[in-house]
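In order, the protein sequence lines correspond to chains D and S. With my numbering applied, the first sequence covers 113 to 563. With my numbering applied, the second sequence covers 11 to 187.
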Amino acid sequence: MIGASLSRWTLSYFAVALLALMAAEVMMAAGYGYPHTGLRAPETLILVHVVTIGWLSLLMCGALFQFLPVLLARPLYSDRLALPALILLVAGLAALILGFLQLAGRVDPDLPCLALGGLLLGAGFALVLWNLARTVAAAQTVPLQAQFVIAGLLSVAATAAFGIVFTLMLGGVSSYEPFAVLTGAGLPLHIIAGLGGWLTFTAMGVSYRLLAMFMLAPETDRWSTRAALWLGVAALSIAVVGGTLAILTGGGLTAVLLAAGGVGLTALAFYGGDILHLYRARKRRNIELNSRMAVLAFASLAACIVLCVAALALGQLTEHVDAIVFLAAFGWLTGLGLAQLYKIVAFLTWLECYGPVLGKAPTPRVQDLVVEARAGKWFVLYFIAVWAGAATLVAGYPLIFRLSAAMMLVATVGILAQLVRTRRLADVKAALRLPQGAQQPRLLYALSRQT
Amino acid sequence: MTDSFVDLDVRPILRAGGEPFQAIMQAIATLPPGHGLRLLATFKPVPLFSVLGSKGFSHEAKEIGGGDWEVLFRPASATTESGSTPAASATDASNWPEPVQHLDNRELDPPEPMVRILATTEAMKDGDVLAALLCREPIFLLPELAKRGHAWHGGFEPDGKTYKILVRVGAGKKAAA
């Protein structure tokens with residue numbers, strides 16, 4: 113075992129992802145897509161995929177290239193494959209957006225853009241999966257947190273498979289009957305596999321490790337973590353495998369999804385208990401901004417669950433599914449992502465720049481690369497904007513929703529500015545900034561270090 | 011003494027301009043117990059000697075003509091591989107001298123443990139040993155130790171919570187010389 117080193121292209125993934133997040137916020141602020149058009153309108157589909165693929169998936173892939181090796185204590189199978197995968201994913205997203213515009217009749221290129229987008233995205237995710245799967249295969253032991261990630265990776269494969277079926281069908285490339293049936297009724301499964309399996313489950317696995325690491329909490333093998341893992345896997349299997357079978361055999365989805373929802377809720381309850389335990393058992397009393405802001409993301413997840421259960425009890429799930437999905441994507445996943453990004457960028461920059469000269473020259477601490485008080489305001493603004501946005505969706509005020517989205521955009525730009533300052537070492541005292549032997553980091557990728 | 015070897019010829023990868031490190035580490039990771047690795051390369055792979063040295067392999071290199079090299083990597087002690095500490099050991103440290111430095115880094119915020127270990131080793135003489143207690147496996151420290159030519163040996167204590175690492179300054183360089 114030789115440990116883990118810096119992943120070269122992780123920061124490039126983060127950069128593209130942040131651009132996509134801001135693009136999505138611009139769209140929402142400008143009234144493009146839902147709630148100003150229907151949930152299934154092409155404009156909404158564009159918005160949703162810019163958020164889920166452009167922002168959340170690229171963020172997650174970039175983070176996994178760095179942190180799956182940390183979870184497994186193995187080097188990444190290939191540092192190089194990450195770049196072609198990024199190019200395929202971005203090209204695939206672009207083609208997919210063109211395909212949706214084609215559906216809306218806005219553009220008329222002489223190409224089956226939708227199907228092309230599906231295939232390019234499929235190829236990109238396949239490359240990411242191959243790289244990560246080979247990394248897992250080389251590991252001697254796979255710790256519990258990494259098993260969450262594996263379930264997440266299986267889910268992204270399922271999500272992409274559904275997506276490809278939809279694009280082949282809607283793009284007019286295939287007329288295979290079972291595909292048509294899946295396209296008609298499979299949308300909830302695509303969303304559950306993507307938001308629930310890929311993004312949420314992977315974020316859960318990574319958060320166990322990151323929180324323990326940054327708060328000095330003991331990483332003991334708890335039975336509740338295993339319960340969260342297996343109940344979660346069961347819920348996803350019921351929803352995705354059971355749901356697919358139900359659709360193909362002409363049965364109803366409702367019973368299957370309710371069963372999956374019940375099991376999934378129990379899994380999330382165990383996860384919530386574990387997270388509370390991590391915060392309580394931590395040895396570090398004054399926790400850093402990323403761990404404090406993560407609390408707001410966990411609160412958003414809890415609010416999302418409460419809203420979901422309440423809507424279900426009142427028989428108003430269809431009316432409020434927009435606010436539930438919005439809270440999951442922006443309060444929980446984006447909130448957690450931005451909070452951890454703030455720490456991860458600082459840590460990776462510190463390791464890249466000062467790792468080679470540690471002990472040989474005076475170096476700043478990781479915390480010297482950031483100014484938490486300044487960044488904290490933008491984070492608080494971000495979460496207030498998201499919660500206001502969710503409230504306007506529940507109450508049905510689309511115009512005020514646009515204001516909230518504009519506030520989210522302002523906050524995101526503020527956070528991004530802090531990340532750029534960190535990367536440029538702008539907040540490090542000049543005397544400590546570049547000791548002899550240290551190199552100024554590049555903004556968008558990590559310098560490969562001499563061995 | 012190991013007599014069984016798994017063959018790995020990285021000359022095609024090198025001639026194609028590729029980087030064979032991954033293939034070599036993978037071959038090492040999948041070696042059957044007690045087996046060594048016979049590596050064929052287009053140059054004397056000196057950096058590998060310290061990397062594999064820190065994983066407990068001795069090496070024997072000879073030129074086989076045409077500028078090509080054959081290197082035999084043998085596991086230093088085939089018997090220790092069946093021990094109960096999985097994965098974590100890099101070197102057999104049983105014949106190392108007593109540590110001259112002791113650090114307890116369990117209560118430090120990351121990455122302070124790494125900073126203190128590297129700062130301490132910089133001030134030590136070649137051959138000296140440092141012992142440090144940590145609360146987790148120092149994933150990012152290990153490549154840095156290898157780069158600086160130190161050998162290390164680490165693993166979790168029986169309580170499963172304390173990770174103890176021994177670092178022998180400069181011992182990775184000696185294996186390569």
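Positions of the beta carbon are idealized from the N, C-alpha and C atoms, including for glycine.
The beta carbon of S/T131 sits closer than 8 Å to some beta carbon of chain D. Under the DSSP assignment, D/H432 falls outside any beta strand (DSSP E), being part of the alpha helix (DSSP H) whose first and last residues are 429-438. The three-state secondary structure of S/A51, taken from DSSP, is strand. For S/D19, the enclosing beta strand (DSSP E) starts and ends at 15-19. Annotation for S/A103: no beta strand (DSSP E) segment contains it, and DSSP assigns it neither H nor E.
Nearest CB-CB separation between D/E484 and chain S: not below the 8 Å threshold.
For S/L41, the nearest beta carbon of chain D is not closer than 8 Å to its own beta carbon. For S/D119, the neighbours in chain D by C-beta distance under 8 Å run, in chain order, L328, R396. Neighbours of D/L470 in chain S, taken as residues at a C-beta separation under 8 Å, are given in chain order as M124, V125, L128, A129, E154. Think of a sphere of 7 Å around the beta carbon of S/I149: the chain D residues whose beta carbon falls inside it are G115, A116, V182, A185, in chain order. Contact note: D/Y189 reaches chain S through Q32, Q36, using a C-beta cutoff of 9 Å and chain order.
In terms of beta-carbon proximity, S/R146 lines the interface with chain D, with at least one pair separated by less than 8 Å. Contacts with chain S (Cβ-Cβ distance below 7 Å) from the stretch 445-471 of chain D involve L463, G467, L470, G471, listed in chain order. Classified as exposed, D/W335 has fewer than 16 neighbouring CB atoms from the shown chains inside 10 Å of its CB. One finds P330, T332 in chain D with Cβ atoms closer than 8 Å to the Cβ of S/K171, taken in chain order. Taking each of D/L301, D/A371, D/P196 in turn and checking the Cα distance to D/L360, the smallest one comes out for D/L301. D/D191 sits buried, since 16 or more C-beta atoms from the chains shown fall within 10 Å of its C-beta.
In the structure shown, S/L41 adopts coil according to DSSP, grouped into three states. With a cut-off of 8 Å on Cβ pairs, the stretch 532-542 of chain D is not in contact with the stretch 11-21 of chain S, counting fewer than three such pairs. For D/V478, the nearest beta carbon of chain S is closer than 8 Å to its own beta carbon. S/I74 is classed as exposed because its beta carbon has fewer than 16 other beta carbons within 10 Å across all chains shown. Taking the C-beta atoms as reference points, D/L201 is found no nearer than 8 Å to D/V261.
Here S/D138 is buried. Its C-beta has 16 or more other C-beta atoms within 10 Å. In this structure, S/A71 places its C-beta atom within 8 Å of the C-beta atom of S/K54.
In the same chain as D/V345, and ignoring 5 residues on each side of it, the C-beta atoms closer than 7 Å to its own belong to A263, in chain order.
At a cut-off of 8 Å between C-beta atoms, D/A250 counts as an interface residue with respect to chain S. Among the bridge pairs identified by DSSP, S/D78 is matched with S/G75. Of the candidates D/A414, D/V162, D/T504, D/V162 places its Cα closest to the Cα of D/L133. With contact defined as three or more Cβ pairs closer than 8 Å, the stretch 158-165 of chain S and the stretch 49-69 of chain S are in contact.
With a contact defined as Cβ atoms closer than 8 Å, D/T314 and D/M172 qualify at about 6 Å.
The Cβ atoms of D/Y189 and D/R120 lie no closer than 8 Å to each other.
If you draw a straight line from the Cα of D/A409 to the Cα of S/P43, it is about 47 Å long. Between D/L180 and D/L460, the gap from beta carbon to beta carbon reaches 8 Å or more. Among the CB atoms of chain S, none fall inside 8 Å of the CB of D/M405.
Put simply, the backbone Cα of D/V160 is about 10 Å away from that of D/R152.
Relative to the Cα of D/L493, the nearest Cα in the group D/A517, D/K395, D/G471 belongs to D/A517.
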